[in-house]
Amino acid sequence: MLATVASIMLLQHMVKVQRIRAELDRAREFQVSGNSFRFSEGIQSDLQFRIEQPLAGHGLLLSLRQEVPQFQRASGKLAEEMQDLQREWGNLAGTVGVFTADGRPVASASLRLQHSLMRDGDSNLLPLAQLPMLPPGNYQLRTKFLTLPQKSDLPEVSLHLSCGVCTLEYLPLYLNWCIILLLIPFSLFFWYRLIECVFWFKRQREQEKWLSEGVGQSQIMYVMTRYPLWSETFLRQDLQFLLKEGVPLEPVALFPGDCTAQPDWPAVRILSPEVISTATSGNGVSWWRKLRCLIPARVQCSLVWFRHRRLLRELIRQGKLCHARHVHAEFADLGALLAAVAARYLGVGFSLGVHAADVYTNRYSLDYLCRKAKFITVCNRTAGAYLARKCPVAAKKLHLIHHGLMIEDWPFREKQTFQEVPELLFVGRFVAKKGIPLLLEALALLLQRGRRLRLTLVGSGPMEAELRQQSEQLELQAHLEWAGVLERREVGERLRKADIFCLPSIEQTDRNQEGIPNVLVEAMAVGVPVVGSQTGGIGELLTPQTGWPIEKISAEIFADTIEEMLQNPAECEKRRRQARQRVEAEFSAARTVKARARLLEGF
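In this note's numbering, the protein residues as written are 280 to 882.
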């Protein structure tokens, strides 16, 4: 109803604008001139004219036209011009009458120099009288000059009739344009809502049909953007725990990841064979990201939906095939955006799991995702607090659920004694936020102080070539091992052999930072003394009771802290045991998976 009313009003005002514009155009073009004449005693002059259609304006303007501009000089000062004209023309006076074709009088006025009607810049016209606006028809204009100019050398003149159009005549046109500009978004919005309601009812009928066909088979569609990724062990782990718990999940990924799935990993349906890269240098915010900030979030979402419409259709089809009763997406990225639209199309609920980078450096509309989500899980308090500040609508939907760890798979190392050549260990992606250059500088400082140390770097990433070059410049080749990407079992073995686990993470210029790294939980579970920064969510687990936190990290402070740890084995023993207790209390998969399952099965 509102859509129809808005559209009718819009059409009415558009027609009105066309009418007013046509009247104004006709008024500007309306000009009638009579035969030229010279002044003589008691001269009369007639002028016949026709008005075919209604004209806009405040009246008809009668003027004298001369071929050679002599009696008016346009200086922009009307008072001075009027005085000049009076000296040249004397007391020019007379009468004018307007009659219909059958001789009936319509209007009359006196002839005299019209100071108020003079127009700057037109030196050919001398305004004499203003007549009212007349309706369409045939007319005759009769003029009689009673008092004539005293000068005898005045040029030939002719009567000239035109419309008086000023700026105020355009006011109705401008007002109607403003009304149209206001009605367009209202009309589009109401029509959008109407079409949306029509399709919603259609989808509801379809949903009732395929849900009734799949009674007892309905599942929760679990959406990821890429799978498997070797750095996202926690995601595979959470998915595996939920499946073991008996949660009816249908795992779906849009694109394949950067590694090959192992036999014991959860099976996930890949919708597109296209391989995409998410590697970034982390050296700042690109010009495209700055430009994208100027585009409204809703427009960005629409562009993304259109670009990935094939994936969206496939995601909806998968939802129908598995009789999805709820859609959950991990990470606030492309997968979540398409999942939210698919859930809306399917008429089911949508939920979201956020972590760290997807909150701090989000490329898509967090506000849109948070408004559509029934609940939002977050793995660390720091990211949750940032999200609540950025999107207040998310505050009441947040649920803090850490990534769980199967404690029995990570037995605690009972004895802690430093080796003759202490082994430092780093595990993670080679990206800017991990702070690996700082770790290499700290190692170089310790070696300069005479310490015998060895550092093992487990992982890979876009900064590997840069890091290798830095290690050569610092002459660290003999003290470094580049272990590459290892399976989780091999990572566990490396942790059990290490003397100190290093986590020198930093916050990037684009605010990208850590959550609670899964490897930090694993290192504490095994019993490796940990030294690290307090960026992101690390400080929630790494405290003076559970490790060696560094508030303001630098290579010198990092080296000093490692030196302090090596000199205090008793304190290391105390803190690593407290770290194990903290992990058992808050990061046990037996507890976290039940909390996650309760949320999902509630829908």
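For glycine and all other residues, C-beta sits at the position ideal for the given N, C-alpha and C.
| query | Roughly how many whole angstroms lie between the Cα atoms of L884 and G683? | reply | Coverage of the chain is limited to positions 280 through 882, which leaves residue 884 absent and any answer about it impossible.
| query | What is the DSSP secondary structure of Y647, reduced to helix, strand or coil? | reply | Taking the sequence shown and counting its residues from 1, one reaches residue 647 at position 368. Correct three-state label for Y647: helix.
| For S389, which residues does DSSP report across the bridge? | Within the sequence shown, the letter at position 110 stands for residue 389. Per DSSP, T374.
| task | Hey, could you find the ends of the beta strand (DSSP E) P406 is sitting in? | result | Sequence index remark: in the sequence shown, residue 406 carries index 127 (1-based). First-last of the beta strand (DSSP E) with P406: 404 to 410.
| said: Please classify D543 as buried or exposed, where buried requires at least 16 neighbouring CB atoms within 10 angstroms. | reply: For the purposes of this step, residue 543 is identified with residue 264 of the sequence shown, where counting begins at 1. Result: exposed.
| query | Going by DSSP, what residues sit across from K423 in a beta bridge? | reply | For the purposes of this step, residue 423 is identified with residue 144 of the sequence shown, where counting begins at 1. For K423, which the question treats as bridged, DSSP gives the partners Q323, T374.
| task | Let me know the secondary structure DSSP gives G495 once reduced to three states. | result | The sequence position of residue 495 within the sequence shown is 216, counting from 1. Confidence at G495 is low in this model, with a pLDDT of 48, below 50, so its placement is unreliable and the value that follows should be read with caution. Note: G495 maps to coil in three-state DSSP.
| request: Whole angstroms is fine: what's the gap from Q351's alpha carbon to L404's? | output: The residue given as residue 351 occupies position 72 in the sequence shown. The residue given as residue 404 occupies position 125 in the sequence shown. Because Q351 sits at a pLDDT of 48, beneath the cut-off of 50, its placement in the model cannot be relied upon, and the point is left open.
| request: Less than 8 Å between the CB atoms is what I'm expecting for H678 and T656, so what's the real figure, rounded? | output: Locating residue 678 in the sequence shown gives position 399, counting from the first residue. Locating residue 656 in the sequence shown gives position 377, counting from the first residue. About 5 Å separates the Cβ atoms of H678 and T656, confirming a contact at the 8 Å cut-off.
| request: For the beta strand (DSSP E) holding T656, just list the boundary residues, first then last. | output: On the sequence shown, position 377 is the one that residue 656 refers to. Looking at the DSSP string, the run of the beta strand (DSSP E) that includes T656 is 655 to 657.
| task | Over the uninterrupted beta strand (DSSP E) stretch that includes R604, give me the two end residues. | result | Start at 1 with the first residue of the sequence shown, and residue 604 comes out as number 325. First-last of the beta strand (DSSP E) with R604: 603 to 609.
| message | Give me, in chain order, the residues of the same chain whose beta-carbon lies closer than 8 Å to that of V805; leave out the 5 immediate sequence neighbours on both sides. | response | As a working mapping, residue 805 is identified with position 526 in the sequence shown. Closer than 8 Å at the Cβ level, and outside the excluded window around V805, lie W689, P690, F691, R692, G771, L774, R775.
| query | Under 8 Å, do R305 and L334 count as touching if we go by C-beta distance? | reply | For the purposes of this step, residue 305 is identified with residue 26 of the sequence shown, where counting begins at 1. For the purposes of this step, residue 334 is identified with residue 55 of the sequence shown, where counting begins at 1. Less than 8 Å divides the Cβ of R305 from the Cβ of L334.
| task | Mind listing, in chain order, the continuous beta strand (DSSP E) runs of no fewer than 3 residues lying wholly within the segment 780 to 828? | result | 809 to 812
| said: Tell me which residues share the same chain as H758 and place their Cβ nearer than 8 Å to its Cβ, disregarding the 5 neighbours each side in the sequence. | reply: One-based indexing of the sequence shown puts residue 758 at position 479. These residues qualify, in order along the chain: L722, L726, L732, R733, L734.
| task | Report yes if the CB atom of F610 is closer than 8 Å to the CB atom of N797, and no otherwise. | result | Position 331 of the sequence shown holds residue 610. Position 518 of the sequence shown holds residue 797. Contact: no.
| task | Whole angstroms is fine: what's the gap from P883's alpha carbon to E743's? | result | With the chain covering 280 to 882 only, the question about residue 883 has no answer from this structure.
| said: Considering only their Cβ atoms, is the gap separating F424 from L460 smaller than 8 Å? | reply: Taking the first residue of the sequence shown as position 1, residue 460 is located at position 181. Taking the first residue of the sequence shown as position 1, residue 424 is located at position 145. No. Outside cutoff.
| task | Assign G614 to one of three DSSP states: helix, strand, or coil. | result | For the purposes of this step, residue 614 is identified with residue 335 of the sequence shown, where counting begins at 1. DSSP places G614 within a helical segment (H, G or I) once states are collapsed to three.
| request: Provide the residue span of the beta strand (DSSP E) that contains A335, from first to last. | output: Residue 335 sits at position 56 when you count from the first residue of the sequence shown. Counting along the chain, A335 falls outside any beta strand (DSSP E), and DSSP gives it neither H nor E.
| With contact counted as at least three CB pairs below 8 Å, one residue from each stretch, are the segment 627 to 638 and the segment 520 to 534 in contact? | Taking one beta carbon from each stretch, the segment 627 to 638 and the segment 520 to 534 have fewer than 3 pairs nearer than 8 Å; the two do not touch.
| said: Out of L452, R383, L473, T871, which one is the CA nearest neighbour of Y418? | reply: Residue mapping note: residue 418 aligns to position 139 of the sequence shown, counting from 1. Of all alpha-carbon atoms in L452, R383, L473, T871, the one lying nearest the alpha-carbon of Y418 is that of R383.
| task | May I have the straight-line CA-CA distance separating L718 from A711, to the nearest angstrom? | result | Translated into the one-based positions of the sequence shown, residue 718 becomes position 439. Translated into the one-based positions of the sequence shown, residue 711 becomes position 432. Their backbone Cα atoms lie some 12 Å apart in a straight line.
| request: From the DSSP output, in three-state form, read off L845 for me. | output: Locating residue 845 in the sequence shown gives position 566, counting from the first residue. If DSSP states are grouped into helix, strand and coil, L845 belongs with the helices.
| message | In the DSSP assignment, the beta strand (DSSP E) including A532 goes from what residue to what residue? | response | Residue numbering aside, residue 532 sits at position 253 when the sequence shown is read from its first letter. Per DSSP, A532 belongs to the beta strand (DSSP E) from 528 to 535.
| message | So for W584, helix, strand or coil by DSSP? | response | Your numbering for residue 584 matches position 305 in the sequence shown. Helix, per DSSP.
| H266 bridges to which residues according to DSSP? | For the chain, the structure presents residues 280 to 882; residue 266 sits outside this window and is missing.
| message | Helix, strand or coil, according to DSSP, for W470 in the structure here? | response | Taking the sequence shown and counting its residues from 1, one reaches residue 470 at position 191. Here W470 sits in helix by DSSP.
| request: Reducing DSSP to helix, strand and coil, say where N417 ends up. | output: Residue mapping note: residue 417 aligns to position 138 of the sequence shown, counting from 1. Strand.
| Per DSSP, cross-strand counterpart(s) of H678 | Numbered from its first residue, the sequence shown carries residue 678 at position 399. Bridge partners of H678: T656.
| the ligand FAD heavy atom lying under 7 Å from the CB of Q597 | Summarising the ligand content, the structure contains no ligands, and the ligand FAD is consequently not present.
| message | Under 8 Å, with one C-beta from each stretch per pair, do the segment 693 to 707 and the segment 845 to 862 reach the 3-pair mark? | response | yes
| message | What would DSSP say about M685, mapped onto helix, strand or coil? | response | Here residue 685 refers to the residue found at position 406 of the sequence shown. Coil.
| field | Alpha-carbon to alpha-carbon, L447 and F378 | value | Counted from its first residue, the sequence shown places residue 378 at position 99. Counted from its first residue, the sequence shown places residue 447 at position 168. F378 and L447: Cα-Cα distance of roughly 29 Å.
| said: So the candidates are L820, R747, R329; which of them puts its Cα closest to the Cα of L799? | reply: Looking up residue 799 in the sequence shown gives position 520. Ranking the options by Cα distance to L799, first place goes to L820.
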